[in-house]
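Notes to accompany the following structure.
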Amino acid sequence: MKMLYKIQWSSCLPSCMGFSEDSLPKSKSNKSASKQAQRLSFSDLSNPPTPEDLSISLVGSNLYVFSVSELKVITQTFSSNNFLGEGGFGPVHKGYVDEKLRPGLKAQPVAVKVLDLDGAQGHREWLTEVVFLGQLRHPHLVKLIGYCCEDEHRLLVYEFMTRGSLENHLFKRFSASLPWVTRLKIAIGAAKGLAFLHEAEKPVIYRDFKASNILLDSDYTAKLSDFGLAKDGPEGDHSHVSTRVMGTEGYAAPEYVMTGHLTAKSDVYSFGVVLLELLTGRRSMDKTRPNREQNLVDWARPFLNSARKLSRIMDPRLEGQYSSKAAQKAAELAYLCLSSHPKHRPLMRTIVETLEPLQDMLDDIPMAHFVYTVATPQTKTQDDDESKTVEEEKIKRHHRHRHQLHGQRHRNRSSPAVAALSEDATVYKKFGNGAPRNSPEHRL
Ligand SMILES: Nc1ncnc2c1ncn2[C@@H]1O[C@H](COP(=O)(O)OP(=O)(O)OP(=O)(O)O)[C@@H](O)[C@H]1O
Ligand SMILES: [Mg+2]
1 MKMLYKIQWS SCLPSCMGFS EDSLPKSKSN KSASKQAQRL SFSDLSNPPT PEDLSISLVG
61 SNLYVFSVSE LKVITQTFSS NNFLGEGGFG PVHKGYVDEK LRPGLKAQPV AVKVLDLDGA
121 QGHREWLTEV VFLGQLRHPH LVKLIGYCCE DEHRLLVYEF MTRGSLENHL FKRFSASLPW
181 VTRLKIAIGA AKGLAFLHEA EKPVIYRDFK ASNILLDSDY TAKLSDFGLA KDGPEGDHSH
241 VSTRVMGTEG YAAPEYVMTG HLTAKSDVYS FGVVLLELLT GRRSMDKTRP NREQNLVDWA
301 RPFLNSARKL SRIMDPRLEG QYSSKAAQKA AELAYLCLSS HPKHRPLMRT IVETLEPLQD
361 MLDDIPMAHF VYTVATPQTK TQDDDESKTV EEEKIKRHHR HRHQLHGQRH RNRSSPAVAA
421 LSEDATVYKK FGNGAPRNSP EHRL
């Protein structure tokens with residue numbers, strides 16, 4: 001049987017509840033408690049939480065509490081050099097924590113998100129993020145390291161995700177195109193994150209699944225960020241949660257927008273939209289396009305169930321370097337996710353199981369043009385190393401194999417003096433980190 005630990009809400013978020021700075025925990029809460037306790041639902045808090053809420057069951061959340069002055073040191077006073085981007089919550093800055101800051105907190109780069117007090121989101125979104133992400137841990141969820149709640153200041157401190165958001169990679173003009181296998185890896189990682197949330201003992205509906213909320217690690221491992229809109233799933237006999245319609249235009253499921261009825265299948269719809277974005281390289285909503293092409297789902301749907309038609313809407317930046325068979329399967333899956341009947345949409349678990357085998361479909365990837373890049377010891381950077389992900393190596397090996405089979409003469413021109421790399425032109429373009437983003441999405 002699960003143990004339920006009674007922890008005072010004040011001990012978790014003391015300064016937000018009007019408690020003195022002195023009572024701030026200086027290190028993590030009791031870890032052993034967190035392992036056994038049950039996740040606190042957001043509904044366990046009244047709206048907005050008050051000090052009367054204090055007696056609630058809460059897991060030891062493993063979060064560090066920071067002061068504003070500490071975060072200024074960490075981010076070099078939120079210097080513009082460290083600016084990463086800005087969404088509805090507020091600006092995000094890169095920072096660095098050193099090992100002396102807290103016992104047990106390792107030295108690492110972090111991303112610090114500052115609540116814009118004049119912005120669209122507020123204390124409630126901040127608290128939702130702390131309550132959900134503070135308790136949920138998974139390889140495909142971004143790790144919340146801690147928070148700051150001092151006077152009116154509300155900040156969040158996350159693990160730093162080296163490659164920023166999927167949105168930056170897919171849509172920013174100056175970022176190099178993501179190779180097909182990397183797109184699949186991202187889709188699978190994000191799907192695993194959602195599957196974890198939906199299958200949790202107390203299921204969570206994420207509600208804001210979109211390309212800008214999928215962050216990428218150095219090896220393109222996808223992690224979900226931004227739990228400000230997350231909701232506890234329906235309980236007991238309830239089929240859905242009734243809630244105010246929130247989310248982002250172009251990603252939210254139609255029945256949720258129309259009725260306010262939220263289910264895990266709303267996330268599945270949003271997943272279908274992101275899958276389409278990965279296939280087509282187009283934004284879910286793009287007001288710069290002709291009218292009938294502005295809504296990605298409406299425009300792409302008729303092309304999804306035929307291989308011949310699909311090729312007409314695949315991202316031109318892939319330059320044909322993808323498996324048509326795998327793309328067709330992914331498109332059929334997207335079609336199901338985007339069904340107007342939520343019940344017809346697959347479970348996230350099924351989506352993971354459908355996508356995973358597509359990673360091994362490499363046979364029908366057309367032969368790439370080969371370019372010869374000369375790397376000298378002077379020009380080789382750490383970034384060059386990082387850009388060779390496991391998937392890229394896999395494709396490279398595959399192509400080498402194919403070249404052997406076809407007896408082609410594309411060989412490495414290596415010499416002892418200069419290391420020459422023969423590489424797939426699409427796969428080995430250098431990945432930029434994407435330009436910072438300033439404009440918030442179209443919020444519903
Ligand atoms: N943990 C992180 N590591 C690295 N970069 C991050 C991290 N969190 C956020 N960012 C960067 O900051 C940008 C802004 O993120 P934020 O989540 O605030 O806004 P958004 O997702 O673009 O918009 P929205 O408010 O609609 O969610 C992201 O696009 C990303 O590039
Ligand atoms: Mg976001």
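Numbered per full-length UniProt numbering, the sequence shown finishes at 444, counting up by one with no gaps. Cβ coordinates follow ideal geometry from the N, Cα and C atoms, glycine included.
If you draw a straight line from the Cα of residue 238 to the Cα of residue 300, it is about 33 Å long. For the pair residue 99 and residue 71, the Cα-to-Cα distance works out to about 14 Å.
When the Cα atoms are used, residue 176 and residue 209 turn out to be separated by approximately 23 Å. In the three-state scheme derived from DSSP, where H, G and I count as helix and E and B as strand, residue 62 is classed as coil.
Your pair residue 245 and residue 273 does not check out as a contact, with CB atoms roughly 16 Å apart and the cut at 8 Å. Sorted by position in the chain, 87, 212, 213, 225, 226 make up the residues whose C-beta lies under 7 Å from a heavy atom of ligand 2. DSSP places residue 158 in the uninterrupted beta strand (DSSP E) bounded by 153 to 159. Straight across, the Cα-Cα distance linking residue 162 with residue 215 is about 9 Å. Under the 10 Å beta carbon count, residue 259 is surrounded by fewer than 16 other beta carbons and is classified as exposed.
In the three-state scheme derived from DSSP, where H, G and I count as helix and E and B as strand, residue 342 is classed as helix.
Collapsing the DSSP output to three states places residue 294 in coil. The DSSP-derived three-state label of residue 360 is helix. Residue state for residue 353 is assigned as helix, using DSSP reduced to three classes. Under the 10 Å beta carbon count, residue 167 is surrounded by 16 or more other beta carbons and is classified as buried. Within 7 Å of the C-beta of residue 196 there is not a single heavy atom belonging to ligand 1. According to the DSSP assignment, residue 147 belongs to no alpha helix (DSSP H) but to the beta strand (DSSP E) extending over 144 to 150. Counting every other CB atom within 10 Å of its CB across the protein chains shown gives residue 292 a total below 16, marking it as exposed.
In the assembly as shown, residue 62 is a buried residue. Its beta-carbon has 16 or more other beta-carbons within 10 Å.
DSSP places residue 135 outside any beta strand (DSSP E), giving it a letter other than H or E. Rounded to the nearest whole angstrom, the CA to CA distance from residue 118 to residue 202 is 33 Å. Residue state for residue 182 is assigned as helix, using DSSP reduced to three classes. Per DSSP, reduced to three states, the secondary structure at residue 190 is helical. Burial state of residue 342 is buried, judged by a 10 Å Cβ sphere holding 16 or more other Cβ atoms. In this structure, DSSP gives residue 328 a helical state, which the three-state scheme calls helix. Under DSSP, residue 108 takes part in a beta bridge, and its partners are 97.
One Cα belongs to residue 125, the other to residue 226, and the distance between them is close to 9 Å. Distance between residue 212 and residue 169, taken at the CA atoms: about 10 Å.
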